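**Q**
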Amino acid sequence: MMSAPSDSHRVLLTAGDVKKLEDEYARMTAEIADIEARRKEIESRRDEINDRLGKIRELMTALGLADRLTVAQSFGPSPRGDPASGDISDPSEVGESHRSPWIKEILNHLKSAPYESMTSAELREHVECGELANLLKVSDKGYYHAIGRLARQGIITKENNRLFTVAGLEKYKADGSPALPHGAVSQRKSPMADEIIAFIEVSGGSARAGEIVSHLLTVEPFAGPVRRNKSSAYNVLARLVDRGHLERLEGAVYKVPETNEASANAEATHYPLMGNKTGAD
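UniProt numbering puts the first residue of the sequence shown at 1, with every later residue one more than the last.
#1: Can you find the residues in the same chain that come closer than 8 Å, C-beta to C-beta, to Ala37, ignoring five residues on each side of it along the sequence?
#2: Which residues share a DSSP beta bridge with Leu163?
#3: Using the DSSP secondary-structure output, state which residues sit across from Ala207 in a beta bridge.
#4: Counting C-beta neighbours from all protein chains within 10 Å, is the total for Ala131 16 or more, i.e. buried, or is it exposed?
#5: Would you please state the rounded distance, in angstroms, between the beta carbons of Val256 and Ile197? I believe it to be under 8 Å.
#6: Which residues in the same chain have their Cβ closer than 7 Å to the Cβ of Glu159, if we skip the five residues on either side of it in sequence?
#7: Measure from the alpha carbon of Tyr234 to the alpha carbon of each residue in Glu220, Tyr254, His109 and Gly244, then state which is nearest.
#8: On a CA-only basis, which of Leu135, Asn161 and Pro101 is nearest Ala121? Give me that one, please.
#9: Which residues bound the alpha helix (DSSP H) around Glu247?
#10: To the nearest angstrom, how far is it from the Cα of Arg188 to the Cα of Glu195?
#11: From which residue to which residue does the alpha helix (DSSP H) around Val226 run?
#12: Between the alpha carbons of Val127 and Glu41, how many angstroms are there, rounded?
#13: Classify Glu125 as buried or exposed, calling it buried when 16 or more other Cβ atoms lie within 10 Å of its own Cβ.
#14: Rank Lys173, Phe222, Ala193 and Leu59 by C-alpha distance to the C-alpha of Val241 and give the top, closest one.
#15: Can we say the segment 166-180 touches the segment 202-221, given the rule of at least three CB pairs closer than 8 Å?
#16: At which residues does the alpha helix (DSSP H) containing Leu135 begin and terminate?
#17: First and last residue of the alpha helix (DSSP H) that includes Tyr179?
#18: Using beta carbons (cut-off 8 Å, strictly below), is Asn50 in contact with chain D?
#19: Rounded to a whole number of angstroms, what is the C-alpha to C-alpha distance between Lys104 and Arg248?
#20: Less than 8 Å between the beta carbons of Ser232 and Cys129, yes or no?
#21: Let me make sure I understand the geometry here. Which of Arg227, Ile106 and Glu201 has the alpha-carbon closest to that of His245?
#22: By DSSP, does Thr14 sit in helix, in strand, or in coil?
#23: Where does Asn260 land, buried or exposed, given buried means 16+ other C-beta within 10 angstroms?
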């Protein structure tokens with residue numbers, strides 16, 4: 001049983017003091033209720049935003065533009081090395097989960113070249129005909145941002161006005177820094193373009209788009225990229241037409257022009273024409 005407080009611990013309150021305490025209690029209770037209401041409102045708004053973000057992601061994915069969301073996020077503040085940001089804290093960690101679409105695309109093109117090296121112009125020309133060609137047309141910010149990130153991480157470097165992977169540069173120097181060829185690829189923009197023109201030439205000078213795509217699906221290293229994204233082949237065809245290396249006739253038929261300097265120089269390129277068959281006829 002509790003004893004009554006002693007006289008020394010008693011506090012004498014006036015009626016005014018009691019009224020102040022009651023008012024303060026009521027005010028703070030109301031403030032808590034207001035905070036709770038705002039918390040629920042914020043949570044509801046957060047749920048609405050998350051729901052909308054999910055729908056946007058689904059729509060962008062359906063349109064094949066999900067990589068644009070990744071590129072946009074890479075410009076925001078994020079912890080260094082966070083895989084979701086596409087950043088790479090350790091240059092040796094370049095696994096699929098650590099790559100943004102642009103980083104993967106750039107490294108794939110560099111590694112397909114002798115000594116894993118290209119000039120800046122050659123690299124861009126290859127990317128213009130690759131899987132992210134449509135994205136590059138919309139904006140090249142993500143492309144250049146990825147090149148800068150790879151350089152900062154020590155994964156690629158520049159030497160004699162050329163981009164190299166670090167491994168490629170080491171091998172290049174170990175081999176005595178030989179001259180690197182500049183063939184028709186710089187005119188036609190990609191090894192896939194060389195393959196397309198070579199196929200059209202051996203097909204009597206013209207071929208349908210479907211026949212060209214079917215051929216690319218039987219040839220390495222083009223089969224994989226074309227199987228994943230057939231538009232990459234059509235992007236190359238469109239560019240060849242724009243540059244005057246092919247003519248487009250009715251019925252989606254493509255023809256090598258009567259005078260095709262790029263075709264005449266095709267054997268000069270370091271990329272083999274009519275590449276290795278995958279096994280299909």
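The C-beta atom is built at its ideal place from N, Cα and C for all residues, glycine as well.
From a predicted model like this one, the values you see are computed outputs, not experimental measurements.
**A** On the basis of the data shown:
#1: Here the set comprises nothing.
#2: Leu163 has Met118 and Lys158 as its beta-bridge partners, per DSSP.
#3: Partner(s): Tyr254.
#4: For the sequence presented, residue 131 should be read as Glu rather than Ala. By the neighbour-count rule (16 or more Cβ atoms within 10 Å), Glu131 is buried.
#5: Contact flag correct, Cβ pair sits at about 6 Å.
#6: Within the same chain, Cβ atoms closer than 7 Å to the Cβ of Glu159 are found at Leu169, the five residues on either side in sequence being excluded.
#7: Among Glu220, Tyr254, His109 and Gly244, the Cα nearest to that of Tyr234 is on Tyr254.
#8: Of Leu135, Asn161 and Pro101, the smallest CA-CA separation from Ala121 is found for Asn161.
#9: Per DSSP, Glu247 belongs to no alpha helix (DSSP H); it is in the beta strand (DSSP E), Glu247 to Leu249.
#10: Confidence is the limiting factor: at Arg188 the pLDDT is only 45, short of 50, which leaves the residue's position unreliable and the question unanswerable from this model.
#11: Per DSSP, Val226 belongs to the alpha helix (DSSP H) from Ala223 to Arg228.
#12: Take the alpha-carbon of Val127 and the one of Glu41: they are about 46 Å apart.
#13: Glu125 comes out buried.
#14: Selected option, being the one with the closest Cα: Ala193.
#15: Contact between the segment 166-180 and the segment 202-221 is absent, because fewer than three Cβ pairs lie under 8 Å.
#16: Start and end: Ala133 to Val138.
#17: A small correction: the amino acid at residue 179 is Ala; Tyr does not occupy that position in the sequence shown. Counting along the chain, Ala179 sits inside no alpha helix (DSSP H), nor does DSSP assign it H or E at all.
#18: Absent from the structure is chain D; it holds one protein chain and no more.
#19: Taking the straight line joining both Cα atoms gives about 32 Å.
#20: Between Ser232 and Cys129, the C-beta gap is smaller than 8 Å, which places the two residues in contact.
#21: Considering only alpha carbons, the answer is Glu201.
#22: Of the three classes helix, strand and coil, the one that applies to Thr14 here is coil, per DSSP.
#23: In this prediction, Asn260 has a pLDDT of 46, which is less than 50 and means its spatial position is unreliable; nothing more can be read from the coordinates.
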